[in-house]
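>
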Amino acid sequence: MTLQDLSNLGTFIAAVATTGSVILALVTYRKSTQRDALKGVRTQIATYRIKYEEVDDLLNTSAHVGLGMAIAQELEALVPDSKSTEAVISFLEDESNVNFLTQACYLGLENATKIQEAIKISNELQLLSASGQEMYPITSKLISILSLYPSSVLAALNETEYLTNLFQDEDAIASLKSRVEGEENRPTVFREIALWITLVADRLCGNVSDRIAENAQPIVEIVSNIFESSTDQKLLKLSKAERRQQEKIFSRLRRDDIEEPHEIIFELLKFYKPYLDSEDWDTLVECKTLLGVVHQEAAELDT
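Residue numbering for the sequence shown follows the numbering used here, starting at 129 and increasing by one per position.
#1: Assuming residue 200 is part of the alpha helix (DSSP H), what are its boundary residues?
#2: Would you give the residue range spanned by the alpha helix (DSSP H) that residue 260 belongs to?
#3: Does the distance from the CB of residue 165 to the CB of residue 195 come in under 7 Å?
#4: To the nearest angstrom, how far is the alpha carbon of residue 225 from that of residue 188?
#5: Tell me the rounded alpha-carbon separation between residue 175 and residue 250.
#6: Quick check on the DSSP output: the alpha helix (DSSP H) that includes residue 380 runs from which residue to which?
#7: Ends of the alpha helix (DSSP H) at residue 447?
#8: By DSSP, does residue 344 sit in helix, in strand, or in coil?
#9: Residue range of the alpha helix (DSSP H) that residue 296 falls in?
#10: Less than 7 Å separating the beta-carbons of residue 392 and residue 386?
#11: Should the region 227-240 be regarded as contacting the region 248-265, the criterion being three or more beta carbon pairs within less than 8 Å?
#12: Rounding to the nearest angstrom, what Cα-Cα distance links residue 404 and residue 318 in this structure?
Structure, rendered in structure tokens:
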């Protein structure tokens, strides 16, 4: 072998080594990118689960109490003679004051800390549900629908119309009169108004909110556990399965004209059955059924 041959051989070996290094670097980069992506998905799903729990904690009776107190405080500032119980009642009965009542309700809602915090978190849930859509389209679709339940309750609760109508409802005012009759102490009438609003808000949304927590939250927890407990390899397989089956599932939803949220949820949940034990699957089926009732009640809030 001549010196030239050795030189050529050395050049070839160097080229092969360089190519191998590039390939190894690409493989390493790809694995690193995958790990980062999967870590991001785990974090997003876990954050979604935590925030879903936070919304539930905020949407309780104490939030309705805060709403009642905030609106009563705003109303007290608007009534010209707020020291007089009779003047307050007359102010409520006067239809020309509807704009003032709406203003009090609007400002009260703005100052109802827990409700506004719940609205903020609800918006964050909807943003989180869009994350990871390319890798996990079925999961993204599922949690986006689950986000609708707390948002529907908040949408109903955060309206001024039902509160303004309450203030000028004859039966409601008659009830208020009977409770404060003969009382001249200023805090009494506004305390009663705060209680009044609290009870209405609680009856309007409390039952629906509680049952959302009971039936939507377990679905979030079970699906979240799949992501939080699985290895990277299992999550990659799950991603491939979701992308492979998404068109089949979404086409079936369109073909069968499935529009009710709880029915869509069930069709999506079927995808996870192979990844769950029988106990978790039975829980999902039960929750889906009860969510159907919750959805109907939430829809009635808009009527």
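We put the beta carbon where it would ideally sit given N, CA and C, even for glycine.
Remember, predicted model here, so these are calculated numbers, not experimental data.
Taking the structure as given:
#1: Your numbering for residue 200 matches position 72 in the sequence shown. Segment 189-206, the alpha helix (DSSP H) holding residue 200.
#2: Residue 260 sits at position 132 when you count from the first residue of the sequence shown. Residue 260 -> no alpha helix (DSSP H), and no H or E assigned at all.
#3: To locate residue 165, count along the sequence shown from 1; it is residue 37. To locate residue 195, count along the sequence shown from 1; it is residue 67. Not in contact: residue 165 and residue 195 (Cβ atoms no closer than 7 Å).
#4: Taking the first residue of the sequence shown as 1, we reach residue 225 at position 97. Taking the first residue of the sequence shown as 1, we reach residue 188 at position 60. Taking the straight line from one Cα to the other gives about 31 Å.
#5: On the sequence shown, residue 175 is found 47 positions in, with the first residue counted as 1. On the sequence shown, residue 250 is found 122 positions in, with the first residue counted as 1. About 12 Å.
#6: The residue labelled residue 380 in the question sits at position 252 within the sequence shown. Segment 360-383, the alpha helix (DSSP H) holding residue 380.
#7: Since the first and last residues shown for the chain are 129 and 431, residue 447 lies out of range.
#8: On the sequence shown, residue 344 is found 216 positions in, with the first residue counted as 1. Of the three classes helix, strand and coil, the one that applies to residue 344 here is coil, per DSSP.
#9: If you number the sequence shown from 1, residue 296 lands on position 168. First-last for residue 296: undefined, no H or E at that position.
#10: Position 264 of the sequence shown, counted from the start, is the residue given in the question as residue 392. Position 258 of the sequence shown, counted from the start, is the residue given in the question as residue 386. A contact, by the Cβ cut-off of 7 Å.
#11: no
#12: As a working note, residue 404 is residue 276 in the sequence shown. As a working note, residue 318 is residue 190 in the sequence shown. Near 53 Å, if we compare the C-alpha coordinates of residue 318 and residue 404.
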